[in-house]
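Peer 1: Let me begin by handing over the structure; questions about it come next.
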Amino acid sequence: MPFALLYIDERFQAIYRGWWKALLATANPYTGLTIADDPAVAIAELVNEDSCLFWTFTPYKAIPAEVMAQFEQRFARSLTKPGSSVAEVLAAWGGAPVQGDDAANGRIGLLPMWDLTQRKDARAQANARFLAELQREFYAGTRDYLREKLHFRGSVCGSNWITADARLLGPLDKWSVATCDMMDHHGYYGGPHVGSDRVGYSVNAGERYDDACALRFDPTEAEAKGRSPALPIMDITYDGKPAIISEIGWTQPNRFRADMPLIAAAYGALQGTDGFCFFATSSRTWDQTIGKFGIHDPAIMGQFPAAALMYRTGMVAPGDPVVSVHLALADLFALKGSPVVAAASLDDLRARDVPTGATVAAAAVTAIDPLAYLVGRVEVAVGEAAAPAIIADLAKRIDRAAGVVTSTTAQLAWNHQRGLVTIDTPMAQGATGFLAQAPIALGCVRVAAGFEYGAVVVVALDGRPLTQSKRMLLQVMSEESNFGWSAPGTGLRAIASIGGPPVVVRAFSGSVSLGRADAAALAVTPLDANGYPDTSAAGAGHANAITLLPGTMYYLIGE
């Protein structure tokens, strides 16, 4: 099926709506509720990873002539008014004709994405506007169909995809999707992985890879130079809409995956992200070996107890808005783009044209500091007219010499030089990243890890501050791999053997202590992987000096 067919072909749209009708009318045999009525069905997403504004939209190559004819005719109709003609539109643009131009038959050709973003002339602007409006019309019409005809009670999400140019086309795509109830995006992070045509979906002997730590902004491509703070957890609020990240993962092979659950929970809360769907699980039980996209393993799902509790109960406070940009729709149609783009190079941190601590005319904002996402909320609104952008004084929160970014709440600190994030809130305290360089002192918790990299966090289970809580969870994680995994050396190196079951975790060591007067009286109970008391584990001491046992992930502190 050609990319972008759904946006233009009415026959396919009718078939597509028939699928939705059949799906939403299906009744649950146990409750009698249809999917449309079932409150457990939260979201209907209309299109997955497709767009007229992405590289896969390749006129006259991957898109058949019959489909291109529909695009050309529809494009021409959008540009001609009563009394005007296609020939007049083409003449007003000037320049050489492009493939598909056929004034006699009422057709105007479309530009490939590269030409569209490079030309930026009147023709390119009209081309971009047409595709964005085409998408928005489809999303709005399908949303109304699900709501009014099929009586779907959940939220409708348009799509989740990226574009060929995040600055120029990204905001147009988001504008088209924003006609629905909510926003979404996908994102993955992992180190370089090359050496076969299977690296996109599996891990095999003979391939080469390197580890990458998101907390240091390590490059994800073998040829990349420098570091870039462009991580999939960085979320933008568009037009005040709720937003989720419906696919996110730290891919294998990579020793540095244990930071992902805690930073997703902490910074998702800071940014106001409304939900995460971690990708992917393939069975109901623990994975027996690592997989390219596996999450049902100790480093990721093994950390969900504390991370989910921290996120879902609001243990991390939402941040203040640090960037609020108001864009004029006409400017977006004119391919003037948006200064708010999540992906940016580290060099942009020192860009002199990044305004800070001011209310600035929208046209004067050409870029924002990419570390703003780690400070607080970043907001974009699109309207008929531009409004002044509001940009906080980020210098108060970003220590460039030390490489430390502190949130507006002062609860989170991201040290991208060391590769360490600390969480210090009344009910959740801990750290993830390179832990062993020095002891970590937080409000009530002190961590002295004996293992190089991982995550340690303490959360209250009774809704009280850690200084008063009578029931707490201590959660610990390090690195994982297959038993028998072998990839000697450092840097981009060959996988000699992927090994086999079971997944093994690097042994824990060190200590954790609570700084409260009754800590010595608080019992510490080692738990097994299912959260039950582990009667086979050695004693871990009391809360004033908890010994981290080599194979224990969880500890119950208190009653």
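Residue numbers (the working numbering): -8 to 550.
All residues carry an ideal CB built from backbone N, CA and C; glycine is no exception.
Keep in mind it's a predicted model, so treat the numbers as computed, not measured.
Does the stretch 466 to 475 come close enough to the stretch 511 to 525 that 3 or more CB-CB pairs lie under 8 Å?
Peer 2: no
Peer 1: Looking at Pro220 and Leu326, is the spacing between their C-beta atoms short of 7 Å?
Peer 2: no
Peer 1: Which residue wins for smallest C-alpha separation from Phe284, given the options Ala27, Arg138, Tyr192 and Gln116?
Peer 2: Tyr192
Peer 1: What would DSSP say about Gln90, mapped onto helix, strand or coil?
Peer 2: In this structure, Gln90 counts as coil in the three-state DSSP scheme.
Peer 1: Just verifying my parser: in three-state terms, what is the DSSP assignment at Gly293?
Peer 2: Correct three-state label for Gly293: helix.
Peer 1: According to the neighbour-count rule (16 or more other Cβ atoms, all chains shown, within 10 Å of its Cβ), is Ile6 buried or exposed?
Peer 2: exposed
Peer 1: Look at Ala510 and Asn535 and say whether their C-beta atoms are less than 7 Å apart.
Peer 2: yes
Peer 1: Could you pull the start and end residues of the alpha helix (DSSP H) that Met104 belongs to?
Peer 2: Met104 to Arg110
Peer 1: Give every residue of the same chain whose Cβ lies closer than 6 Å to the Cβ of Met292, excluding the five residues on either side of it in the sequence, and list them in chain order.
Peer 2: Ile286
Peer 1: Taking DSSP as the reference, what is the three-state secondary structure of Tyr21?
Peer 2: coil
Peer 1: Which residue marks the beginning of the alpha helix (DSSP H) containing Ile6, and which one marks its end?
Peer 2: Glu1 to Leu15
Peer 1: Span of the beta strand (DSSP E) holding Leu174?
Peer 2: Here residue 174 is Met; the residue named in the question, Leu, does not match the sequence. Per DSSP, Met174 is one residue of the beta strand (DSSP E) stretching across Met174 to Tyr180.
Peer 1: Measure the alpha-carbon distance for Ala321 versus Arg120 and round it to whole angstroms.
Peer 2: 9 Å
Peer 1: Contact between the stretch 124 to 140 and the stretch 174 to 181: three or more CB pairs below 8 Å?
Peer 2: no
Peer 1: Comparing alpha-carbon positions, which option in Tyr546, Val395 and Pro233 lies nearest Met173?
Peer 2: Pro233
Peer 1: What is the DSSP secondary structure of Trp405, reduced to helix, strand or coil?
Peer 2: strand
Peer 1: With respect to the alpha helix (DSSP H) encompassing Asp322, which residues constitute its N-terminal and C-terminal limits?
Peer 2: Leu320 to Phe324
Peer 1: Taking the straight line between their C-alpha atoms, what separation do you get for Pro30 and Glu238?
Peer 2: 22 Å
Peer 1: Around the C-beta of Pro346, are 16 or more other C-beta atoms found within 10 angstroms, so that it is buried, or is it exposed?
Peer 2: Bear in mind that a pLDDT of 43 at Pro346, under 50, signals an unreliable position, so the number given afterwards is only what the model happens to contain. Answer is buried; the Cβ neighbour count reaches 16.
Peer 1: If you check the beta carbons only, do Leu446 and Thr423 fall under 7 Å apart?
Peer 2: According to the sequence shown, residue 446 is Ala rather than Leu. Yes.
Peer 1: Tell me where the alpha helix (DSSP H) around Tyr130 begins and ends.
Peer 2: Ala113 to Asp135
Peer 1: Would you kindly work out how many angstroms separate the C-alpha atoms of Ala531 and Ile537, rounded to a whole number?
Peer 2: Taking the straight line from one Cα to the other gives about 5 Å.
Peer 1: Leaving out five residues before and five after Asp278 in sequence, what residues of the same chain have Cβ atoms less than 7 Å from its Cβ?
Peer 2: Gly285, His287, Asp288 and Val494
Peer 1: Let me check one thing: in DSSP terms, what residues is His533 bridge-paired to?
Peer 2: In DSSP, His533 forms a bridge with Ala514.
Peer 1: Pick from Ile34, Ser75, Lys72 and Pro(-7): whose alpha carbon is nearest that of Ala56?
Peer 2: Pro(-7)
Peer 1: Spatial neighbours of Gln116 within its chain, please: CB distance less than 8 Å, with the 5 preceding and 5 following residues excluded, ordered by chain position.
Peer 2: Phe324, Ala325 and Leu326
Peer 1: From Met225, Arg207, Leu222 and Tyr200, pick the residue whose C-alpha is nearest to that of Glu214; which is it?
Peer 2: Tyr200
Peer 1: Please report the residue range of the alpha helix (DSSP H) in which Tyr523 lies.
Peer 2: It is not in any alpha helix (DSSP H) - Tyr523 carries neither H nor E in the DSSP assignment.
Peer 1: Enumerate in chain order the residues of its own chain whose CB-to-CB distance from Ile389 is below 6 Å, with the five nearest sequence positions on each side excluded.
Peer 2: Leu362 and Val396
Peer 1: Using C-beta distances below 8 Å, list every residue in its chain close to Ala113, excluding the 5 sequence neighbours before and after it, in chain order.
Peer 2: Its chain contains Ala83 and Trp84 as the residues whose beta carbon lies nearer than 8 Å to that of Ala113, once the 5 sequence neighbours on both sides are disregarded; these appear in chain order.
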